[in-house]
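Okay, so here's the structure we're looking at.
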Amino acid sequence: MTNSITTSITDKPISSLEQDKLKSRRYAETLATFIQNSDSPLTVGLQGEWGTGKTSMMYMLREILEGQNVATSWVNTWEYSMFRGANQTTPAVLRGMLEKLKESCDAKGTWTKSDEANQKVRKIGRFIGNLANQVVQNQVGLDVKGAAEGETEPEIATEISFIKSQINEVIQDLIKDSNNEYNRVVFFVDDLDRIPPTDAVEVLEALKNMFDVPNCIYVLAIDYDVVVKGLEGKFGKKTEENEREFRSFFDKIIQVPFSMPTGTYDISELLQDKLGTMGISIPENQKDAYTQVVKNTVGFNPRSLKRFMNSFSLLRSLRHLSEEEGNTTEFDDLILFGLLGLQISYNKIFR
């Protein structure tokens, strides 16, 4: 028989609505309704720093939409950037978006059975692969903005235009196919803030210029500061004078910015649930105190909170090894929790 008590918790996003302990489901439901009723194409940017729950929100959003006649595709850009050169990441992500759409529909038996549609997907994959090779050989970079304005290599610009038209045909074939009831396609693009900033900017430009087709919505997990770093090669270091250029680029790509609502997260329930899995019970009369410690130290970033709880679990175990029997109080855990929060967030004061 395995022990259900663990000494630590992993930093994994939730993968379903029933796992939501932060009570953020209402935001996912509102976003889903907005996406279903919005005009297309449209790009929604889930904005927030690392660990604020962007991926968890996307999982909940996908679960809701998949029950509403929406086809979905999910790509993790970090996985597509591994072991690839900078100029190869964007083509790999674009190819993956279409491949994941087909996989998702195949799993439900809703992908069009048309041989022509399948040939188009394979053709797009080949053309994107050829495009990547040309970019590397010519060392011109995948400047899709330049392609749209006729400023890049003519052959590459022609292929980009062809790929976009083929992508549009595949999407429309899927929407019109009688084998399903899809009314739109939602592409989830995760972990843009985990790849090099310049690559993230290139992926954003490519999405805007190549996948910007009717009946499609794009949900991106992005950190504005990452985009800023990626744009410094074009605009220089961000200053008060050129900040508008950075913001204009961001606004051009993302029509609906949505900041992660960390300030409204129900930290109390998450604390009780995660500490409970580690065999640590919070007395009813101390719940508010634990929540106040979190609020005034590490804040409501779920990733920071999980690291905090792991450290607390370790120090608590060490304390139990050294303390004398009977020489404890009901507030020992709370005191340790508070001191640890002070050490993590206000180290100078702690020392």
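Numbering (the numbering used here), first residue to last: 1 to 351. The beta-carbon is built from N, C-alpha and C at its ideal position, and this holds for glycine as well.
Within 10 angstroms of its Cβ, does residue i collect 16 or more other Cβ (buried), or is it exposed?
| i | result |
| --- | --- |
| G41 | First, the amino acid is wrong: residue 41 is Pro here, not Gly. So P41 counts as buried. |
| L304 | Residue 304 is actually Ser in this sequence, not Leu. Result: buried. |
| Q292 | exposed |
| A107 | exposed |
| W50 | exposed |
| G96 | buried |
| D39 | exposed |
| E202 | buried |
| N37 | exposed |
| E205 | buried |
| K54 | buried |
| S178 | exposed |
Can you give me the C-alpha to C-alpha distance between residue i and residue j, rounded to a whole angstrom?
| i | j | result |
| --- | --- | --- |
| D173 | T112 | 8 Å |
| M309 | I35 | 36 Å |
| Y182 | P91 | 26 Å |
| E79 | H320 | 42 Å |
| T7 | S313 | 6 Å |
| L318 | M278 | 14 Å |
| T239 | L22 | 36 Å |
| L315 | L339 | 11 Å |
| G233 | P283 | 54 Å |
| Y346 | K176 | 59 Å |
| L17 | A200 | 29 Å |
| L61 | M82 | 26 Å |
| Q286 | L275 | 14 Å |
| Q139 | V93 | Bear in mind that a pLDDT of 42 at Q139, under 50, signals an unreliable position, so the number given afterwards is only what the model happens to contain. Taking the straight line from one Cα to the other gives about 19 Å. |
| E330 | S311 | 20 Å |
| Q267 | P261 | Sequence inspection shows Ile at residue 267; the Gln mentioned does not correspond to that position. Approximately 12 Å, taken between the alpha carbons. |
| Q119 | G125 | 10 Å |
| G141 | N87 | Legend: pLDDT at G141 = 46, less than 50; position of this residue unreliable, no value from coordinates given. |
| F300 | L271 | 11 Å |
| R84 | F350 | 44 Å |
| F250 | K237 | 16 Å |
| E151 | E245 | Residue placement at E151 cannot be trusted, given a pLDDT of 47 that sits under 50; what the coordinates show is reported in the next sentence. Near 20 Å, if we compare the C-alpha coordinates of E245 and E151. |
| D273 | V298 | 18 Å |
| G341 | E243 | 35 Å |
| R25 | I64 | 10 Å |
| E66 | V121 | 22 Å |
| K306 | K348 | 23 Å |
| V228 | D332 | 45 Å |
Assuming residue i and residue j make a contact with CB atoms under 8 Å, what is their CB distance in whole Å?
| i | j | result |
| --- | --- | --- |
| V189 | T77 | 6 Å |
| V185 | L101 | 7 Å |
| V44 | I171 | Actually they are not in contact, since the Cβ atoms of V44 and I171 sit about 18 Å apart, beyond 8 Å. |
| I222 | Q47 | 6 Å |
| L220 | A289 | So it is not a contact: roughly 38 Å between Cβ atoms. |
| D191 | V226 | Between V226 and D191 the Cβ distance is about 10 Å, and since that is not below 8 Å, they are no contact. |
| M57 | A32 | Contact flag wrong, Cβ pair sits at about 11 Å. |
| N215 | T110 | Going by Cβ atoms, the distance from N215 to T110 rounds to 15 Å, so no, they are not a contact pair. |
| T198 | G230 | 5 Å |
| E159 | F127 | 6 Å |
### Message
For a minimum of 3 consecutive residues, which ranges assigned as the beta strand (DSSP E) are wholly contained in the region 169 to 241?
### Response
184 to 190, 216 to 222
### Query
Would you say the region 4 to 20 touches the region 250 to 257, given that touching needs at least three Cβ pairs under 8 Å?
no
### Query
What beta strand (DSSP E) runs, 3 residues minimum, are completely inside the region 260 to 344?
none
### Message
Does the structure place the region 202 to 213 close enough to the region 158 to 170 that three or more beta carbon pairs sit under 8 Å?
### Response
yes
### Query
Which parts of the region 52 to 87 are runs of the alpha helix (DSSP H), unbroken and 4 residues or longer, counting only runs that do not cross its ends?
54 to 65, 77 to 81
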